[in-house]
Amino acid sequence: MAPLPQTPADGVAWVTGASSGIGREVAARLAKGGWRVVVSARSEAALAALAAEHPGRIVPFRLDAEDRAAAATAVARIEAEVGPIALAVLNAGIYLPVKGDALTLEPFTRSVAVNLTGTVDVLVPLIDAMKTRRKGQIAVVSSVAGYSGLPTSAAYGATKAALFNLCESLKFDLDRLGILLQVVSPGFVDTPATKTNPFPMPFLISVETAGERIVRGLGRRAFEITFPRRFTYGLKALRLLPYSLYFPIVKRFTGWT
Ligand SMILES: NC(=O)c1ccc[n+]([C@@H]2O[C@H](COP(=O)([O-])OP(=O)(O)OC[C@H]3O[C@@H](n4cnc5c(N)ncnc54)[C@H](OP(=O)(O)O)[C@@H]3O)[C@@H](O)[C@H]2O)c1
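Each residue of the sequence shown is one higher than the one before, counting from 62 in the working numbering.
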């Protein structure tokens, strides 16, 4: 059976990408639920504003996921300055649209640096710290865009697919170490990241609903926290289809003809 979810009695929570959107909402809900929450991102003013809304509960910790040296030492610094990390929600991420008819390297390099390498850079010391305590909980925020290829998602989707595989693979070992590993796969959530999307976003949900679903999932042992299910389960089913059906269906639903 999967290890147990952690509670505020076990240590502090850490949420990356907490200056806006989903990360901010999850951090606020964890703070209201009794956790002391370390919040990371690059925007210090936004982190300070969040901390001011939850006096004594939220500790800002500036971290740029592309600064590999800072990421490598972040866990040790948080544990020394604030306390042992019982729960980590690794949520920092960027979506950079890619079009095949105007392909450049930059969105791939940056997406890999923030979404994938940025996650692994903190995962390594995090697991190291948790394994000595033989307990802990880590939730990695991926996306349904990682289930299968979607228009404009060549860079973003590739990093999110990698996060699924990474988590699935690590779960075998982390179960044995007593560390609960979960992957979060939201559908479309109304956040600054999706505000400018030029395409229709079916089953778009509010950031409050997303935060509520994630925090509820963190209290359970299920490997995947995914929502809204009527959308995400549909996408899961799509990836089982032969490509001769998959591509026409996705083209039809996205209008990408
Ligand atoms: N919104 C959706 O529909 C949706 C769906 C599926 C998955 N997701 C995933 O959910 C997560 C949060 O997305 P969101 O929609 O809430 O977007 P958002 O509002 O743009 O938030 C992204 C967060 O990541 C942080 N971030 C970006 N680059 C960073 C860097 N180099 N170093 C450290 N932090 C960085 C941002 O903070 P700073 O800019 O201050 O650094 C911000 O706090 C992402 O992983 C995203 O892929 C979102």
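Yeah, the Cβ is synthetic: ideal placement off N, Cα and C, and Gly gets one too.
Span of the alpha helix (DSSP H), counted from its first residue to its last, around residue i
i           : result
residue 168 : 167-172
residue 212 : Here residue 212 belongs to no alpha helix (DSSP H), and DSSP marks it neither H nor E.
residue 261 : No alpha helix (DSSP H) contains residue 261, which DSSP labels as neither H nor E.
residue 312 : 304-315
residue 159 : Note, residue 159: premise wrong, no alpha helix (DSSP H); not H, not E.
residue 129 : 129-142
DSSP three-state assignment for residue i, whether helix, strand or coil
i           : result
residue 296 : helix
residue 273 : helix
residue 38  : The structure shown does not extend to residue 38, since the chain is modelled only from 62 through 318, so no value can be given for it.
residue 247 : strand
residue 285 : strand
residue 91  : helix
residue 79  : coil
residue 280 : coil
residue 69  : helix
residue 204 : coil
residue 104 : coil
residue 318 : coil
residue 186 : helix
Cα-Cα separation, residue i to residue j
i           : j           : result
residue 189 : residue 241 : 14 Å
residue 71  : residue 243 : 18 Å
residue 217 : residue 204 : 9 Å
residue 192 : residue 238 : 6 Å
residue 308 : residue 148 : 39 Å
residue 100 : residue 314 : 37 Å
residue 283 : residue 201 : 13 Å
residue 80  : residue 116 : 16 Å
Whether residue i touches residue j by CB criterion (8 Å)
i           : j           : result
residue 179 : residue 127 : yes
residue 209 : residue 306 : no
residue 76  : residue 176 : no
Opposing strand residues paired with residue i [DSSP bridges]
i           : result
residue 74  : 98, 148
residue 241 : 198
Delimiting residues of the beta strand (DSSP E) encompassing residue i
i           : result
residue 123 : 119-123
Minimum Cβ-Cβ distance from residue i to chain D less than 8 Å
i          : result
residue 85 : No chain D appears in the structure shown, which is made up of a single protein chain.
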